[in-house]
Structures are given as C-alpha cells and as structure tokens.
Amino acid sequence: MSFGGPGGLQLTSRPNPPERGSFPLDHDAECQPLMKAYLRCLRAHRGVNDDACRQLSKSYLLCRMDRNLMAPDSMANLGYQGDGDEKVAEVGAGGTQRSTGSGK
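Numbered according to numbering that gives the first Met the number 0, the sequence shown spans residues 0 to 103.
Set out below in structure tokens:
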C-alpha cells in the first residue's frame, strides 16, 4: 500500500524564485543596528507592528537601499503608503533611536 498515490508516482516540485529577486546579505553588518532595534521594538510591543516599529523597518530598508544591498524602490511599493518621509528613525552604532525630520 502506498501513501503517495497509485503506482508509486513521485511528483517533484520546482522551487519558485522570490517575487522581487534575490538580494545580497549584509555581511559587513552595516544595517544590523537598525535590524536589532526593530526586533527589540517588536518584542517590546508584543509582536504588534506599532508606528515606531514601522519607522524602524522603513529606516532599515532605506539603509539597505543606500548601501546597494537591495534594489532602490519607492516606499509605497514596499507597503509604506501615507507614512510620509518626514519622520525616519535613525539608530546609531550603540542602538539608540532618535527621530529626525521636519516633525509636522
């Protein structure tokens, strides 16, 4: 008795490539402080993607784009519609967060 179907026919599936293509890893940890601050923020807000956490993730993506670790794209295409660019959190090497921008 076979569990896979009649005749022992094996189906092979082909892996699908990522929708937006592959991107290089951050081997030099240039954007790692932003990533760690974002993960700390998620833990502090119990997994809820609060506005402060969204700003950190936006900063992380901008960091990756600035260092050619991912293809440049508009923030609207990355799910940041209506967030505006006036408040982008920056995290220094020590992992401390400060907010920059016009503060409308």
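We put the beta carbon where it would ideally sit given N, CA and C, even for glycine.
Per-residue DSSP class, three states only, for residue 13: coil
Coarse secondary structure for residue 54, derived from DSSP in three states: helix
Reduced DSSP category for residue 65 - H, G, I as helix; E, B as strand; rest coil: helix
Closest by C-alpha distance to residue 55, when choosing among 41, 13 and 28: Distance from the Cα of residue 55 is smallest, within the candidate group 41, 13 and 28, for 41.
Same chain, Cβ closer than 7 Å to residue 59, neighbours up to 5 away in sequence not counted: 30, 33, 34 and 37
Any non-hydrogen atom of the ligand PLP closer than 6 Å to residue 55 Cβ: For the ligand PLP, the structure offers nothing, since it holds no ligand at all.
Alpha-carbon to alpha-carbon, residue 61 and residue 50: 16 Å
Boundaries of the alpha helix (DSSP H) in which residue 40 is found, first to last residue: 31-43
Backbone secondary structure at residue 59 - three-state DSSP: Residue 59 falls in the helix class under three-state DSSP.
Residue of 25, 44 and 11 minimising C-alpha distance to residue 64: The shortest CA-to-CA distance from residue 64 to any of 25, 44 and 11 is the one to 25.
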